[in-house]
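Protein chains in written order, with this note's numbering: chain A, 757 to 991; chain X, 757 to 991.
Positions of the beta carbon are idealized from the N, C-alpha and C atoms, including for glycine.
There are 2 protein chains.
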Amino acid sequence: MSAKVAEFNNWQAVHDEVLRRLHSRQWKPGELIPNEVELAQEFGCARPTVNRALRALADAGLLDRRRKAGTRVAMHPVRKATLEIPIIRLEIEGKGQKYAYKLLHTSQQSPTEILCKQFPLTNTQPILYLNALHYADQKPYMYEVRWVNLAALPQITDVDFTKISANEWLVMNAPFTKGDISFSAAPASVNEAKELDIPVGNAVFIVDRTTWYEGDVITSVRQVFFPDYAMNTVI
Amino acid sequence: MSAKVAEFNNWQAVHDEVLRRLHSRQWKPGELIPNEVELAQEFGCARPTVNRALRALADAGLLDRRRKAGTRVAMHPVRKATLEIPIIRLEIEGKGQKYAYKLLHTSQQSPTEILCKQFPLTNTQPILYLNALHYADQKPYMYEVRWVNLAALPQITDVDFTKISANEWLVMNAPFTKGDISFSAAPASVNEAKELDIPVGNAVFIVDRTTWYEGDVITSVRQVFFPDYAMNTVI
DNA sequence: CAGTGGTCTAGACCACCAG
DNA sequence: TGGTGGTCTAGACCACTGC
């Protein structure tokens, strides 16, 4: 009987072995790799096990899979970084800092012209408009300008946003099916600079986010971070 | 015989139904939901089908699953945005713009003190140091400062980086197992401003990335983008 | 049309871990 | 220690799509 060099009796082992062959260039970019049945035979496991391993690698962007065409090594391994969008309070508390929050302004209104430019709004729909400041260890951390679609969330008029941030209330009470996010850098405007207590024009990190539920816009927010902010992640 | 209202004979149908119950608050945050066997009976499908649906929802951050403890609705649905890190050339060409690239400087050396501050380096290891500028439609798009670990990639000294960008060569030739990414905003330094042809101190979007292969650092890069740059994604 | 990946099933064993 | 999710199997049918 022959010595068994390795066992590939679970999908992670298959995953790792395939990854090894990709890294070692045994299978080169653009190349067609054996189909699932052949790999299952080689690895001595069932086809669904191979399937799950290859599916994970395809999700990671390392393989291209198509019915009938087979599985190819991706030409340009597009690596995907996953950013977790946390509740601000938890992000700050997670760093061991003290979180505080202040509601600066709130009003029910029709969007002003300025808002219509900054966000995808028409000035006929009623919205709830909010300004708020989030603190870490008493220092300004993030300034937030937000509007909420009142037609989609009528019950929000009963919420006391001096006690809970809109960020937090929405995460827990307003599920969404789609969201657009944009990250950018910009000079702090007069108003942003005033609230964050920094010089006008300082470079600030900006996150714009709009969320939808089944085709209806729920809320849109611009978050302006204090200058030393950095958003970190891992590939 | 009773009329069947719906069929849940595939994992996506189960996924969607569970998602509906989460959105409709039939299952509330923190609540324990039925176990896989019970759900499989209710939905009239096999347990692995339920398993796959619930696993997808757990990956998305909507459920918390633990052996023995069961499956709970997540208290704070941490939404995850996936950022695709493309090759710069493809990002620009994808916008329908003309890509160009210029190598500004390259040298083999030990890290200078300045580099040691900016990157996780010691001044004893030999590195390849590179400066390059990427253009979209003849206009400066991104300025890149990079070093590469020569000990890990000795063959890189043979590459002509006036013809292919380090970005592109590395993606295709230097697999990595781990990467750190950081996004931030900063005022353009004198040098960055000169290369991007903008005023010193303008707000620029910065991406810092370091990649590793099995514990060895491969390369580290700082990418400084022209002021109007925004990084977009979808949740 | 035919080959490939996508998925389901029914049953089984196992790893983990809360009680 | 028992209940739960994690996973494997062997076989099957189906959907897509390149040829």
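Just the chain A side, please: which residues come within less than 9 Å of residue i by C-beta, in chain order?
i: X/D936; result: N988, T989, V990, I991
i: X/I843; result: H832, V834
Does the distance from the CB of residue i to the CB of residue j come in under 9 Å?
i: X/A959; j: A/P867; result: no
i: A/I912; j: A/V901; result: no
i: A/I937; j: A/D964; result: yes
i: X/F939; j: X/M987; result: yes
i: A/I789; j: A/V829; result: yes
i: X/L813; j: X/H771; result: yes
i: A/K854; j: A/A888; result: no
i: A/L706; j: A/L818; result: Coverage of chain A is limited to positions 757 through 991, which leaves residue 706 of chain A absent and any answer about it impossible.
i: X/T918; j: X/Y885; result: no
i: X/G800; j: X/N765; result: yes
i: A/A816; j: A/K784; result: no
i: X/L934; j: A/I991; result: Before going further, note that residue 934 of chain X is Lys rather than Leu in the sequence given. Yes.
i: A/Q894; j: A/A856; result: yes
i: A/T966; j: A/P876; result: yes
i: X/E794; j: X/L810; result: no
i: X/T975; j: X/A922; result: yes
i: A/L859; j: A/Y899; result: no
i: X/Y1062; j: X/A908; result: Lying before the first or after the last residue shown, residue 1062 of chain X is absent from chain X, which here runs from 757 to 991.
i: X/H890; j: X/I848; result: yes
i: X/Q874; j: X/R978; result: yes
i: X/A941; j: A/A941; result: yes
Note down, in chain order, every chain A residue with its Cβ under 8 Å from the Cβ of residue i.
i: X/E847; result: Within 8 Å Cβ-Cβ: nothing; X/E847 doesn't reach chain A, min ~11 Å.
i: X/Y985; result: S940, A941
So which residues of chain A does residue i contact, with C-beta pairs closer than 7 Å?
i: X/L813; result: Simply none; closest approach about 12 Å.
i: X/E840; result: V834, K836
Note down, in chain order, every chain X residue with its Cβ under 8 Å from the Cβ of residue i.
i: A/P876; result: Going along chain X, no residue has its Cβ under 8 Å from A/P876, so there is no contact; the nearest lies around 14 Å.
Interface positions of the region 769 to 788 of chain X facing chain A (Cβ-Cβ less than 8 Å), listed along the chain
L778, H779, P785
Compile a chain-ordered list of the residues in the region 812 to 838 of chain X whose CB is closer than 7 Å to at least one CB of chain A.
H832, P833, V834, R835, K836, A837, T838
State whether the region 949 to 965 of chain X contacts the region 975 to 983 of chain X, with contact taken as three or more CB pairs (one from each stretch) at a distance under 8 Å.
yes
Touch check for the region 835 to 844 of chain X and the region 793 to 807 of chain X: three-plus C-beta pairs under 8 Å?
no
Would you call the region 921 to 928 of chain X and the region 947 to 954 of chain X touching, i.e. three or more CB-CB distances under 8 Å?
no
Which parts of the region 937 to 973 of chain A are runs of the beta strand (DSSP E), unbroken and 3 residues or longer, counting only runs that do not cross its ends?
959 to 969
Would you list, in chain order, the members of the region 950 to 969 of chain A that have their beta-carbon closer than 9 Å to a beta-carbon of chain X?
G957, N958, A959, V960, F961, I962, D964, R965, T967, Y969
Along the region 918 to 932 of chain X, what residues have a CB closer than 7 Å to any CB found in chain A?
V927, M928, P931
What residue ranges within the region 847 to 914 of chain X form continuous beta strand (DSSP E) runs of no fewer than 3 residues, ordered along the chain?
855 to 865, 883 to 892, 895 to 905
Could you tell me which whole alpha helix (DSSP H) segments of length 4 or greater appear in the region 794 to 843 of chain A?
803 to 815
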